Amino acid sequence: MNHAPIALFCYKRPWHLQRTLEALEQNEGAKESVLYIFADGAKPDASTTDRENIAAVRHLIRQNWQFKEIIINEKSKNQGLAASIIAGVTQVVTRYGSVIVLEDDMVTSPYFLRFINDALQFYADAPEVAAITAYIYDIPNLPETFFLNDPGCWGWATWQRAWQLFNPDGKYLMQEIVRRKLIGAFNYENTYPFYQMLTDQVKGKNDSWAIRWYASLFLAGKLALYPGKPLVENIGNDESGTHAGSEEFYRVRLATHPVQVSPQPLAANQEARAAVVAYLAAQNYMPPLWKKYIWRIKKMLSLNANTGK
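Everything in the sequence shown is counted per my numbering, starting at 280 for the first residue and increasing by one.
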């Protein structure tokens, strides 16, 4: 088996990072994998506590973790999560042709690397497939593996050919989704406010690389392979991270057995998508005001189409 390099991004959460590294080194294939660690620097106005945590992170990453090789990239100044990930992924994927991406709050199943590496090899020459992702909501009765038009962002991998599709221009992506009348589909039948996240990125309210990665591949009609059981858990939704959220919504039970990668049609699995939509709908995550806003956009597009504008 070829073992793709791993890019791990960290900042100021030593407790989360320790759990991430402890789980990752227990993976099948960890000792055969090169690990790149990108450690962001302190902000100019960083508190004493933040600086102490950053120092603790840098001490932690120099411990004797069990990987084939560890390459540490430390920044003296703060880049921010989006800039760090975009630059780091570009650096590693350009050198190796593929990359596995983790952040400092992602605890993996022992079978995470096996699934990711199997899938990277299996679909290496399938241009329709642009990403592999290991996180899925805790939904029962999903297929062993399946495709969606959403690359995910928690424990994922890609190839250089696919990463070239990443478009950092959120405004263009937003306008193109509107032009193609795809807001509802982008929002998983308006059950989760992904389009709002994109507009917030354009307005400078967030600095999400992930929403632009999703929009880039969504508009290109590309696929991402998912496991039927979660192989990664995000432990950072405890308000400790830059983009923290509700922990309960994302809680999962990690797979206790390997996930097998096997041939299947190169198309989004509509039954699996419907299950995800039902799960999201049950959370009632879409704000009522945003639903009204989407309705207005659809009405405007309909009127423009009828008048030929």
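Glycine included, C-beta positions come from ideal geometry on N, C-alpha and C. Since we're looking at a predicted model, the values are computed, not measured.
Residue pairing of Glu382 in beta bridges, as defined by DSSP: Phe288. Contact annotation, Leu399 with Ser377: C-beta distance approximately 5 Å; criterion of less than 8 Å satisfied. Pairing Ala503 with Asp429 gives a Cβ-Cβ distance under 9 Å. By DSSP's assignment, Trp438 forms a beta bridge with Ser377. Sequence-distant partners of Lys356 (beyond 5 residues in either direction) whose C-beta falls short of 6 Å from its own C-beta, in its chain, are Gly320. Boundaries of the beta strand (DSSP E) around Ala410: Val408 to Thr412. Residue state for Tyr390 is assigned as coil, using DSSP reduced to three classes. Scanning its chain for C-beta atoms nearer than 6 Å, with the 5 sequence neighbours on each side dropped, one finds around Tyr467 the residues Val556 and Leu559, in chain order. Phe497: member of the alpha helix (DSSP H) spanning Ala489 to Ala499, first to last residue.
Within the DSSP secondary-structure output, Leu427 pairs in a beta bridge with Ala503. When Cβ pairs closer than 8 Å are counted between the two stretches, the region 325 to 334 is seen not to touch the region 295 to 307, the count staying below three. If you look at Leu559, you'll find it in the alpha helix (DSSP H) that goes Gln549 to Gln562. In the three-state scheme derived from DSSP, where H, G and I count as helix and E and B as strand, Asn332 is classed as helix.
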